[in-house]
Every structure is written in C-alpha cells, then in structure tokens.
Amino acid sequence: MEKRDVNQNKPPRRSFLYYYGLIMLVLMLLNIFVFPSVMDKTVEVRYDEFLTSLDAEEIDEVYVTTNNEVMYTLKNDSKGVVHKTGLMPGDNITERLAGTDARYSSEIQTQASPLLDFLLTWIAPFVVLVLIGQIMGRAMMKRMGGSNAMTFGKSNAKIYAESETGKTFADVAGQEEAKEALKEIVDFLHNPQKYTDIGATLPKGALLVGPPGTGKTLLAKAVAGEAHVPFFSISGSEFVEMFVGMGAAKVRDLFKQANEKAPCIVFIDEIDTIGKKRDGNIGGNDEREQTLNQLLTEMDGFDGKKGVVILAATNRPDSLDKALLRPGRFDRRIPVELPDMRGREAILKVSARGVKMDETVDYNEIARATSGASGADLANIVNEAALRAVRLGRRMVSQQDLEESVEIVIAGYQRKDAEVSANEKKIVSYHEIGHALVAAMQSHSAPVHKITIIPRTSGALGYTMQIEEDQRFLMSRDEAFNKIVTLTGGRAAEELIFHSITTGASNDIEQATRIARAMVTRFGMSEQFGMVALETVSNQYLGGDASLACSEHTAMRIDEEVIETVRQAHDKACQILKENEEKLHELAAYLLEKETITGEEFMEILKQENCENSDADAAETVEQDTAEHQE
Ligand code: ADP
Ligand code: ZN
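Here the numbering used here is used: the first residue of the sequence shown is 5, the next is one more, and so on.
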C-alpha cells in the first residue's frame with residue numbers, strides 16, 4: 005500500500021496578503037513603465053510658445069487645471085497632441101482667451117473626501133481580491149472532486165450504504181470454512197435475543213484475511229444479504245483525507261449512521277491503510293493514527309448487543325496494529341484463501357450462471373489449467389470468453405473461448421501482427437518442444453496440454469502449457485527437481501540444435517532459480533542444510549517476498565547449492581534431449597508448421613515416432629523410466 009502523506013494533498017494556502025502584495029506590485033510596475041507611455045501624447049512647452057499660438061489663433065481648446073497647468077490642443081493637429089505649460093502667476097489668462105475663438109474651461113476645485121480616497125485606494129482592491137480569491141478557490145475545489153473545504157469537523161463521508169445487497173452465500177463458491185465462520189454472525193443479526201438471553205456478547209468485528217480477489221467483499225455482502233440488514237461499505241484509504249482530522253470525523257460519522265440503522269454490517273476494505281502498526285516513527289502519519297484511534301474508540305464505545313457487526317478485509321494481516329486484533333475488536337480472523345481446484349471449478353460455474361455456455365464446455369479442465377488463479381481472475385476469464393464469443397459472432401460460449409481467455413490472462417493477447425523472422429520462429433519451436441519433450445520424458449511431471457509459438461502481448465514468443473491431473477497440495481523433492489529440469493529444457497534444446505543460446509530463456513531461468521532456491525532455503529530439501537529455515541517470507545498474500553535469515557557465509561553456500569542444483573537439472577535436460585533428438589526434430593517441424601498443437605497431437609507424434617524407429621517394448625521403457633535412469 006502506498007503511504008499517503010496528508011500534507012501533500014493540501015492545496016497551497018497562500019494568504020490574501022500574498023495576492024494583495026502581488027497585485028500591488030503589478031500596479032506599481034504598470035504605473036512606472038506602461039502608463040507614462042500612454043500619456044506620451046503630452047508635450048511640455050514654454051509659456052511664450054503658448055502665447056504665440058494663442059495670438060496666432062491656432063488654439064482649439066484650453067483647459068486649466070487646479071494645479072495651474074494649462075493644457076491645450078491645436079486646431080490643425082489631427083493627432084490631438086496635448087500641449088502643457090505652467091500658468092504664469094499674475095497673468096490674466098481668461099482675458100487673453102476671451103479675445104480669441106478658442107474654447108476654454110477650468111477644472112472645478114473640489115476637495116476630495118479623504119475617507120472616499122482611502123476607501124478607493126486601500127479597501128476597494130482588497131475587496132476585489134477577496135472576491136477573486138473566492139472564485140478561484142471554488143474552481144480549485146471543484147477540480148479536486150467537489151469536497152468542500154469549509155465544512156471542517158463534519159465529515160462529508162460518501163458512505164456507501166445498501167439496504168439490500170442481494171448477495172447470498174450461494175453467490176460465493178467454495179470458501180466453505182469462511183462461510184461457516186460467518187454463519188454465526190448471520191444468525192446473531194437474525195436473532196440477537198437468543199444470544200443476549202444467555203448473556204453472550206458477540207464478536208463486534210471479524211477480519212477477512214486473504215489475497216486480493218478471493219471474494220472478501222463478496223462474503224461481507226453475502227452476510228448482509230443473508231441477514232437482510234443494511235450494508236455500509238467504505239475503503240480504508242477513504243479515511244485518509246486531505247485535511248487533518250477528517251479521517252477521525254469520518255469514522256465518527258460512519259458509526260453514527262450505522263448505529264441509527266442497526267442491525268447492520270459495516271464493511272471496511274483495505275483496513276491496513278489505517279490499521280498499520282503505530283510504530284512511533286518520528287514524523288509518522290498523524291492523521292492515520294488519529295483515524296485508527298477513533299476507530300478503536302468507536303469499536304469499544306458502541307453497544308455490542310445492538311447488532312452492528314464490523315467486517316474488515318486485508319491482505320496484509322501481519323502489518324496490522326495489535327490493538328485492532330485484541331478481543332472486543334477484530335478478534336475473529338477468517339482466512340479467505342486462493343481456491344483449490346474444486347473451488348475454482350465451483351467459482352467458474354457460479355460466474356457462468358448468467359452466461360450462455362454450449363455443450364463443449366468442461367469447467368474441470370479450465371479449473372485444472374488455472375492453478376493459482378483467484379476468484380476475481382476466474383470471473384474475469386468467464387467474461388473474457390463471453391466477449392470473445394460475441395466478437396466471433398457466436399451466441400454461445402465454447403470451451404475454446406474459455407481456453408483462449410485463460411491464455412489471455414496468463415500471457416496476454418495474441419500478437420498476430422508481430423514480425424517474428426523465420427529463423428527466430430524455428431528457434432522458438434525447438435525451445436518449446438524442448439520443454440515439452442523433457443516434461444513428457446520424466447515421470448512426476450504434469451502432462452503437456454498445449455504448445456504454441458504465437459507471440460503474446462506479455463512478450464512471450466511461445467509457451468508450453470502443462471496441466472496437473474488433479475489438485476496437488478504437496479510437491480516431492482523429485483517433482484520439484486523435475487520441474488527445474490523441464491524449465492531448463494528450452495535452453496537445452498537451443499544448445500543442442502543451434503549450438504548457440506538466446507535471451508528467450510530468461511523467464512525460465514528466473515523460475516528455475518526460484519524453485520531451486522526455495523528447495524534449499526525453505527523446504528529443507530538440501531542435504532547440506534537439512535531442515536533449517538534460511539529465509540523468511542513476508543507479505544505472504546502479496547507475492548511473498550522472501551528475505552534471507554542467515555549469515556553471509558551460509559548465504560554463499562546457499563548460492564553454491566542453488567547453482568549446482570540448476571546445473572544438474574540442465575545436464576539432465578540435455579541428456580534427455582540428446583537421446584530423443586529425432587523426435588525433437590520432428591515435433592519442432594510440426595509445431596513450426598501448425599504454430600499451435602495440443603497435448604494429444606504431441607503425444608501421438610511422440611508415440612508414432614517410437615513405433616516406427618524402434619520396437620514398441622523399448623519405447624515403453626524409455627517413456628516411463630528415463631527419469632529414473634538418469635538419476
Ligand atoms: P476481494 O475483496 O477479496 O479483493 P472481491 O470480493 O472484490 O475480492 O471479488 C471480486 C470478484 O471476484 C467478485 O465480484 C466475484 O465476481 C469474484 N469472486 C471472487 N471470489 C469468488 C467466489 N468465491 N465465488 C464467486 N465469485 C467470486
Ligand atoms: Zn522457455
């Protein structure tokens with residue numbers, strides 16, 4: 005989760021003084037540089053020049069200011085230049101003017117009110133500025149999503165309340181244990197009397213813990229739906245607001261509303277954003293802490309018998325503050341794990357309820373091909389398949405659509421326009437057949453389901469899909485090792501046939517190394533170290549980064565052992581391919597021609613080849629026992 009710094013979200017608060025100063029400066033600059041040039045039409049002349057023009061009757065209009073300045077324009081001057089001169093004291097200009105045909109006037113001597121003067125020069129600009137500031141502020145607020153900065157202390161929480169979620173436990177496939185644990189809460193909401201009679205207080209909150217997309221929100225909604233109570237939902241990140249104190253106010257507001265609507269369910273998603281351990285960091289996030297404290301206070305404060313149940317979801321349970329987890333708060337912890345094979349099949353069926361499927365669809369096969377997928381992934385696969393069916397102008401979804409959308413989720417869309425040269429295509433074919441052949445020649449490895457060399461948007465130029473026969477919970481050392489052998493098979497084929505290596509194996513190398521490393525550091529599968537945990541896994545629900553927990557010396561030995569394991573696997577793969585070079589050629593040629601082949605086609609060619617080139621008995625042995633012989 006990103007750590008949001010509240011201060012960053014505050015608009016820069018510039019005082020009016022700042023703007024006032026700014027505008028004053030602009031005015032001053034205008035005064036000095038711009039206005040004089042506008043006034044440039046005024047020319048100063050000597051008094052005698054004025055008198056000469058006057059005598060020559062050239063003057064059109066005369067104007068005498070209160071400062072005893074004489075301003076005049078000339079008759080035959082189209083530019084309208086204003087001449088200016090000072091009035092000679094004692095000169096009776098009116099008399100002189102009366103003798104000519106010039107028009108003349110003088111300024112009325114008014115004493116401007118000092119108050120008005122003050123108002124105009126100092127207050128009026130200020131008022132204008134305030135107005136401008138207000139308008140700009142409004143506009144800014146609008147852009148920031150309409151929250152109104154003026155309602156301090158009162159939250160404007162857009163608390164999302166549904167009176168009926170319409171979801172039931174039937175909408176949640178699998179997750180039987182979680183449902184079982186939540187049934188008690190449903191029963192409590194239905195029938196609080198039964199529990200209060202005996203004097204029991206029910207848990208105020210339950211924490212749903214699991215990887216993203218496993219149906220935590222769905223379960224919470226189902227609880228509300230089953231109990232027919234309103235469902236309040238808010239995400240932890242919504243509490244962390246742009247103004248300090250808003251988060252706490254939102255929590256107060258939420259609980260006030262929930263109390264009014266009790267019995268009800270309050271669902272707080274991503275609670276780790278506010279419920280992180282308060283680690284007393286200097287300059288730590290005050291806002292988050294205040295919000296958390298408010299949440300704790302509210303949870304302690306409300307009447308447990310009233311029927312407000314708080315469900316919260318997180319995928320980082322280890323980062324939660326202990327105070328949240330103590331009895332009376334989120335003392336129930338309900339794991340919501342990734343679905344197993346049966347679970348996946350059930351989720352596929354639930355997701356497909358509203359979708360028209362034709363008779364070719366085999367959910368079990370899709371479930372087997374999607375090990376590690378979450379409920380959300382599976383729902384997405386079904387939808388992608390439906391979209392594909394529409395795109396291809398069909399009215400029903402077929403198995404092919406589902407399989408293609410599984411591949412889209414795994415490897416991205418097909419890149420039909422990608423220009424892959426003939427030579428590269430050939431290398432990719434051998435690489436993929438290398439994987440498939442090595443897999444097929446070993447016992448303890450999942451059967452090949454599909455091989456393709458159509459490039460994908462993920463950057464893969466081809467891949468080999470293996471599907472486990474059934475749900476696996478354990479992996480033996482041999483299986484783990486064979487997996488590494490299969491992963492090195494692609495590169496081994498390139499070496500054997502082209503005597504050169506390419507970058508195409510980078511992903512294989514990564515995976516192989518990870519497995520080898522885990523074997524040594526976490527699964528206790530190395531003879532050297534035995535059953536010692538050399539790595540600890542943090543964040544198990546979000547990728548599970550591992551960090552070494554051993555001395556430098558040991559780390560070195562781990563590296564050596566990992567390298568040795570992968571090297572052995574690579575040797576074994578090379579060996580297998582060398583023994584089956586004929587088949588490698590034939591299969592690669594076939595794949596190159598077809599671009600995509602199924603596991604059945606693959607196996608058929610593999611067997612044919614055997615029958616033609618050697619006697620059947622020998623073929624059998626090779627196929628089943630290669631792995632054992634090599635070890
Ligand atoms: P989470 O809150 O754990 O991240 P969600 O509850 O938001 O996951 O799940 C997202 C979507 O995935 C759901 O709307 C639903 O379509 C699908 N889904 C996930 N798990 C299941 C399940 N066990 N059964 C049926 N659908 C599921
Ligand atoms: Zn590969």
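We treat Cβ as the ideally placed atom computed from N, Cα and C, and that holds for glycine.
Since we're looking at a predicted model, the values are computed, not measured.
- At least 8 Å separates the beta-carbon of Pro459 from that of Val410.
- Between the stretch 554-561 and the stretch 461-479 there are fewer than three inter-stretch CB-CB distances shorter than 8 Å, so the stretches are not counted as touching.
- The C-alpha of Val85 lies about 44 Å from the C-alpha of Gln138.
- In the displayed model, Lys171 falls within coil according to three-state DSSP, outside both helix and strand.
- Of all C-beta pairs linking the stretch 569-582 to the stretch 484-504, three or more are shorter than 8 Å, placing the two stretches in contact.
- In this structure, the alpha-carbon of Ala174 lies about 10 Å from that of Glu230.
- In the three-state reduction of the DSSP assignment, His574 falls in the helix class, which pools H, G and I.
- Counted as a single uninterrupted DSSP element, the stretch harbouring Leu78 is not any alpha helix (DSSP H) but the beta strand (DSSP E) occupying residues 73-78.
- The stretch 213-221 makes contact with the stretch 374-385, as at least three CB pairs between them are under 8 Å.
- Taking C-alpha positions only, Ser480 is separated from His453 by approximately 22 Å.
- Below 8 Å, enough C-beta pairs join the stretch 264-282 and the stretch 291-305 to call them touching: three or more.
- Between Glu65 and Thr46, the gap from beta carbon to beta carbon reaches 8 Å or more.
- Between the ligand ADP and Leu222, a heavy atom-to-CB distance of less than 7 Å is present.
- Residues Thr468, Thr490, Gly493, Gly494 of the same chain have their beta carbon placed closer than 7 Å to that of His439, with the five preceding and five following residues left out of the count.
- In the three-state DSSP reduction, Ser241 falls in the helix class (H, G or I).
- Contact check between the stretch 590-600 and the stretch 425-444: three or more CB pairs, one atom from each, fall below 8 Å, which counts as touching.
- For Pro196, the secondary structure class from DSSP, reduced to helix, strand or coil, is helix.
- For Pro118, the enclosing alpha helix (DSSP H) stretches over residues 118-122.
- A residue is called buried when at least 16 other Cβ atoms come within 10 angstroms of its Cβ; Arg50 does not meet this threshold and is exposed.
- Here the stretch 173-187 does not lie against the stretch 259-268, with fewer than 3 beta-carbon pairs under 8 Å apart.
- If you draw a straight line from the Cα of Ile455 to the Cα of Gly603, it comes to about 7 Å.
- In this structure the stretch 383-394 lies against the stretch 404-419, because at least three pairs of beta carbons, one per stretch, are closer than 8 Å.
- Under the DSSP definition of a beta bridge, Glu166 partners with Phe235.
- Short note on Pro216: C-beta closer than 7 Å to some heavy atom of the ligand ADP.
- Here DSSP, grouped into helix, strand and coil, assigns Leu315 to strand.
- For a cut-off of 8 Å, the C-beta gap from Phe271 to Ser237 is around 4 Å, short enough to register as a contact.
- Here Pro343 is buried: its Cβ has 16 or more other Cβ atoms, across all protein chains shown, within 10 Å.
- Scanning its chain for C-beta atoms nearer than 7 Å, with the 5 sequence neighbours on each side dropped, one finds around Thr169 the residues Lys225, Ala228, Gly229, Phe235, in chain order.
- When only Cα atoms are considered, Thr69 and Phe130 end up about 31 Å apart.
- For the options Ser57, Asp81, Ala393, the alpha carbon positioned closest to that of Thr104 is the one of Ser57.
- Rounded to whole angstroms, the separation of the alpha carbons of Leu26 and Arg107 is 44 Å.
- When only Cα atoms are considered, Leu478 and Lys198 end up about 44 Å apart.
- The stretch 538-556 makes no contact with the stretch 498-515, as fewer than three CB pairs between them are under 8 Å.
- Between the C-alpha atoms of Thr221 and Arg333 there is a straight-line separation of about 19 Å.
- No heavy atom of the ligand ZN is found nearer than 7 Å to the CB of Gly463.
- Selection Glu73, Gln532, Ala426 evaluated against Ile457 yields Ala426 as nearest (Cα-Cα).
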